[in-house]
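Participant: Taken in order, these protein sequences are the chains called A and B.
Letter 52 of the first sequence, counting from 1, is numbered 52 in the numbering used here, and no numbers are missing.
In the numbering used here, each residue's number is its place in the second sequence (first place is 1) plus 1000.
Where a beta carbon is used, it is the ideal one built from N, C-alpha and C, also for glycine.
Dropping a structure here in C-alpha cells format, bear with me for questions.
2 protein chains.
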Amino acid sequence: MSSEISADRLDTAEANKPLYRQMKEDLVRRVMSGEWVAGQLVPSETALAQEYSVSVGTARKAIEELVTERLVVRQRGRGTTITRNDERYERFRFYRLHSEDRSSIYASVYLSCVPGRANAAEAKRLNLKRGAAVIRVHRLRTHEGRPVVVENIVLREDRCPNGAAIINNQRPDHFYSLLERVFHIMINRVQEKVLAVAAVEEDAETLGVAVGTPLLEVSREAFDLGGDVIECRRMRAVPGIHYLNEMP
Amino acid sequence: MSSEISADRLDTAEANKPLYRQMKEDLVRRVMSGEWVAGQLVPSETALAQEYSVSVGTARKAIEELVTERLVVRQRGRGTTITRNDERYERFRFYRLHSEDRSSIYASVYLSCVPGRANAAEAKRLNLKRGAAVIRVHRLRTHEGRPVVVENIVLREDRCPNGAAIINNQRPDHFYSLLERVFHIMINRVQEKVLAVAAVEEDAETLGVAVGTPLLEVSREAFDLGGDVIECRRMRAVPGIHYLNEMP
DNA sequence: CAGTGGTCTAGACCACATC
DNA sequence: ATGTGGTCTAGACCACTGA
C-alpha cells in the first residue's frame, strides 16, 4: 500500500520545507493513520532513506526528530520501534502528583463511567460542539487505603467508539496506554493548570476531608499526535499531595 | 590562553565518550569558567572544529546539543551566541504563575533584602552547611496595585559576594538576569513543588486575604550549569493566580 | 553471521547577515 | 564580498542485537 506511492512521497506541494522535516511529518502521518502501531518495529534508516529517495543522513535527521518527541525509540543492533506508552519508564510521564514519600503508585477505584453529552465548558475544552457525545469517568485514587485524588475525566466519544463499555470492562490504571492499545490514539502532549481551592461538600464526602480544606486542583487537556484534544480531566488532591515539576 | 591547550583538548582521560560529547562538555566548561559570557559571540563551527581537531559535522553536533539545552542561540549569517537570560522570549522561561487573563507581568515590591545564616532547612535545600552565609530577599508581586504573590528567596552568599547590597541597589524584576550579568551564574534548570495551603496570619496581612484562604504555594530550587543549587524560594499566591504547565 | 543504529569524516550548495 | 549557519550527500568504521 504505502510502497506504491513511495517513489516521491515528498517535495510535491510541501512548500520550501527541508526534506528531513517533510519526511518526519510523513512518518508521523503513518503512525497516526495506524499503518504503524505502538511497539512495532519500523523499517531501518537505510530502507527508509531508499523509500523516500534521500540520503541516510537526511533520513536519520528525520528519525532523530521523532526520537526527541519520544514518538520512537531506537536501539543499536535492534532497530527503531514506535514508543509504547505503558513502558515502565514512560508510565508517569504526565503524572506530576506525588505524596510526601515521592511514591506515586495509587490504586484506582472507579466510581462511574457513562456516556453523555458535552456541556458548554466541556465542549470548549474539547473543541467540540455543545451536545457532542462524550464519555464521563469518575474515579478515585487511593494510597494505603485512603482516598487521595478524585478525578473527573471527559473523553471524546467519536475518537473512542463504545469507549464507556470498554473502559468499564478494563478499568485501567493508566488511561493513555488503553487509548493507545484500543483506539490507536497516542497522547503526545498535555497542558495543566494548577490552583488551590477550598473543599466543597462533595469533595469533603468523596475525599474524607473537612469542608473548606485547601485542595490542589489540576485541570488537564491531553492532545494526540494531530494536536486534537482527546481528553480533559479535573483532579482534586488532599493535603499532603503535591505537584512536582522540573524545567526544562 | 585557551588556544595554547587547544591542540588536544580532548581524548586524554575522557573515557570512551564520543568526541562530540567531550567537546560539548568542554564548551560548557568554558562558559562556566567565564571565558565566554552571556551575549557573547563564540567562534564559528569551522573555527571550533579546527581548534578541537574534529570535523565540522562533529563540532556541529556538539553545538547542537548546547542549542537544545538553550545554552547558545544560533543565527544563520551571524553566528552563535551564549544565550542571554533576559531576552524577551526567555523572560518567563521558569515563571509559571499567571492570572486569569494570562498576563504575568507583575511589578516587584522589595520588602527586605538582608544577609543571614542558613537554618537547617535552607542548608539542606541549598546543599550547604548549617550557618553558611546566605542572602534573604522578601518580595511582593503586585498586579494592578494588588499584591498577588509573596516571595521568600534565599541565595548562596558564596556565589553572590556582596549580593545583598547589589540586589538592594538594583531591585531587579528578573532575578536570573542579574545573576547572569553580575555574578556570571547561568540558571539552567529549576525544580518546583506546588501545594495548596491555608493562609496564616502573616500571609493574610501581606496579601490582604482572610486567614484560612486557600493559597497556592510553590517551592523552587534553581540550579546553575554545574548542577549546584544557587537559590531556593517559596512563593505564595492568592486565589485567581494559577500555575500553568505544559508537557513535554 | 548479517543487519542495525551510533559515530565520524569531507565535501557540496544555499540563505542570510554584515560590512 | 565574505563568512555564517542550514541542508544534503556519500562514504567509512564500529558496537551491538538477534538468529
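Roughly how far, in whole angstroms, is the beta-carbon of Arg220 (chain A) from the beta-carbon of Glu192 (chain A), given that I think they are within contact range, below 8 Å?
Facilitator: So it is a contact: roughly 5 Å between Cβ atoms.
Participant: Going straight from the alpha carbon of Gly1145 (chain B) to that of Leu1207 (chain B), what length do you get?
Facilitator: Approximately 11 Å between the Cα atoms of the pair.
Participant: Between the C-alpha atoms of Phe1175 (chain B) and Gly1079 (chain B), what's the straight-line distance to the nearest angstrom?
Facilitator: Rounded to whole angstroms, Phe1175 (chain B) to Gly1079 (chain B) spans 27 Å at the Cα level.
Participant: Run through DSSP, which three-state label would Phe1175 (chain B) get?
Facilitator: Three-state DSSP puts Phe1175 (chain B) in a helix.
Participant: For Glu180 (chain A), tell me which candidate among A:Cys113, A:Ile230 and A:Leu216 has the shortest Cα-Cα distance.
Facilitator: It is A:Ile230 whose Cα lies nearest to the Cα of Glu180 (chain A).
Participant: Within 10 angstroms of its Cβ, does Val1067 (chain B) collect 16 or more other Cβ (buried), or is it exposed?
Facilitator: Classification of Val1067 (chain B): exposed, given that the 10 Å Cβ count is below 16.
Participant: Taking only beta-carbon atoms, is Ile1005 (chain B) less than 9 Å away from chain A?
Facilitator: The pLDDT assigned to Ile1005 (chain B) is 38, lower than 50, so where the model puts this residue is not dependable, and the model offers no usable value.
Participant: Mapping DSSP to helix, strand and coil, what is Phe1223 (chain B)?
Facilitator: Here Phe1223 (chain B) sits in strand by DSSP.
Participant: Whole angstroms is fine: what's the gap from Lys1129 (chain B)'s alpha carbon to Met247 (chain A)'s?
Facilitator: Their backbone Cα atoms lie some 26 Å apart in a straight line.
Participant: Just to confirm the assignment: which complete alpha helix (DSSP H) runs, minimum length 4, are found wholly within the region 120 to 198 of chain A?
Facilitator: Counting only runs of 4 or more, we get 120 to 126, 163 to 170 and 175 to 183.
Participant: Measure the alpha-carbon distance for Pro1172 (chain B) versus Asp158 (chain A) and round it to whole angstroms.
Facilitator: If you take the alpha carbons of Pro1172 (chain B) and Asp158 (chain A), they lie about 51 Å apart.
Participant: For Pro239 (chain A), which of B:Leu1195, B:Leu1126, B:Val1056 and B:Ala1049 has the nearest alpha-carbon?
Facilitator: Here the closest residue by C-alpha is B:Leu1195.
Participant: Which stretch, first to last residue, makes up the beta strand (DSSP E) that contains Glu231 (chain A)?
Facilitator: Where Glu231 (chain A) is concerned, the enclosing beta strand (DSSP E) stretches over Val229 to Ala237.
Participant: Please check the pair Ile1135 (chain B) and Pro1115 (chain B), which I expect to be a contact at CB under 8 Å, by giving their CB distance rounded to whole angstroms.
Facilitator: Correct: roughly 6 Å between the Cβ atoms.
Participant: For Val197 (chain A), I'd like the list of residues in its chain whose CB is within less than 6 Å of its CB, leaving aside the five on either flank, ordered along the chain.
Facilitator: Leu215 and Glu217.
Participant: Chain A beta carbons: is any one of them nearer than 9 Å to that of Val1109 (chain B)?
Facilitator: Closer than 9 Å: no.
Participant: Would you mind working out which of A:Val182, A:Ala210 and A:His242 sits nearest Arg84 (chain A), comparing C-alpha positions?
Facilitator: Out of A:Val182, A:Ala210 and A:His242, A:Val182 has the C-alpha closest to the C-alpha of Arg84 (chain A).
Participant: Here's the rule: buried if 16 or more other CB atoms are within 10 angstroms of the residue's CB, otherwise exposed. What is Asp203 (chain A)?
Facilitator: Under this definition Asp203 (chain A) is a buried residue.
Participant: Grab the span of the alpha helix (DSSP H) containing Leu66 (chain A) for me, first residue to last.
Facilitator: Unbroken alpha helix (DSSP H) run through Leu66 (chain A): Val56 to Thr68.
Participant: Go to Thr1206 (chain B), then tell me how far its alpha helix (DSSP H) extends in each direction, as first and last residue.
Facilitator: Unbroken alpha helix (DSSP H) run through Thr1206 (chain B): Glu1201 to Leu1207.
Participant: Taking the alpha carbon of Arg1139 (chain B) as the reference point, which residue from B:Thr1058, B:Ala1132, B:Leu1111 and B:Gly1131 has its own alpha carbon closest?
Facilitator: Of B:Thr1058, B:Ala1132, B:Leu1111 and B:Gly1131, the residue nearest in Cα terms is B:Leu1111.
Participant: Quick check: Asn1168 (chain B) and Asp1224 (chain B), are their CB atoms within less than 9 Å of each other?
Facilitator: Not closer than 9 Å, so no.
Participant: Comparing the C-beta of Gly1208 (chain B) with each C-beta of chain A, is any distance below 9 Å?
Facilitator: No, its Cβ sits nowhere closer than 9 Å to a Cβ of chain A.
Participant: List, in chain order, every chain A residue whose beta-carbon is nearer than 8 Å to that of Glu1246 (chain B).
Facilitator: Neighbours of Glu1246 (chain B) on chain A, chain order: Arg189, Val190, Gln191 and Glu192.
Participant: From which residue to which residue does the beta strand (DSSP E) around Thr80 (chain A) run?
Facilitator: Residues Gly79 to Ile82.
Participant: Going by other Cβ atoms of all chains shown within 10 Å of its Cβ, with 16 needed for buried, is Lys24 (chain A) buried or exposed?
Facilitator: It is buried - the Cβ of Lys24 (chain A) has at least 16 other Cβ atoms within 10 Å.
Participant: Report yes or no: is there a C-beta of chain A within less than 9 Å of the C-beta of Val1148 (chain B)?
Facilitator: No, Val1148 (chain B) lies away from the interface with chain A (no Cβ there is under 9 Å from its Cβ).
Participant: In this structure, does DSSP put Val1031 (chain B) in helix, strand or coil?
Facilitator: Here Val1031 (chain B) sits in helix by DSSP.
Participant: Flag this pair as yes or no: are the beta carbons of Ala62 (chain A) and Leu27 (chain A) separated by less than 9 Å?
Facilitator: For Ala62 (chain A) and Leu27 (chain A), yes; Cβs fall inside 9 Å.
Participant: Between the alpha carbons of Glu205 (chain A) and Val1150 (chain B), how many angstroms are there, rounded?
Facilitator: One C-alpha to the other measures close to 33 Å.
Participant: State the start and end residues of the unbroken beta strand (DSSP E) segment that holds Tyr1250 (chain B).
Facilitator: Residue 1250 (chain B) lies beyond the stretch modelled for chain B, which goes from 1001 to 1248, so this question has no answer here.
Participant: At which residues does the beta strand (DSSP E) containing Tyr1243 (chain B) begin and terminate?
Facilitator: Per DSSP, Tyr1243 (chain B) belongs to the beta strand (DSSP E) from Ile1241 to Met1247.
Participant: Report the partner residues of Tyr110 (chain A) according to the DSSP bridge assignment.
Facilitator: DSSP, once it has assigned bridges, lists A:Arg139 as partnering Tyr110 (chain A).
Participant: So, with DSSP's three-state summary, where would you put Leu48 (chain A)?
Facilitator: Three-state DSSP puts Leu48 (chain A) in a helix.
Participant: Can a CB atom of chain B be found closer than 9 Å to the CB of Ile241 (chain A)?
Facilitator: At least one chain B Cβ lies under 9 Å of Ile241 (chain A).
Participant: Going by beta carbon distance, what residues of the same chain come within less than 6 Å of Leu1244 (chain B), once the five residues before and after it are set aside?
Facilitator: If we look at Leu1244 (chain B) and ignore the five residues flanking it on each side, its Cβ neighbours are Arg1096 and His1098.
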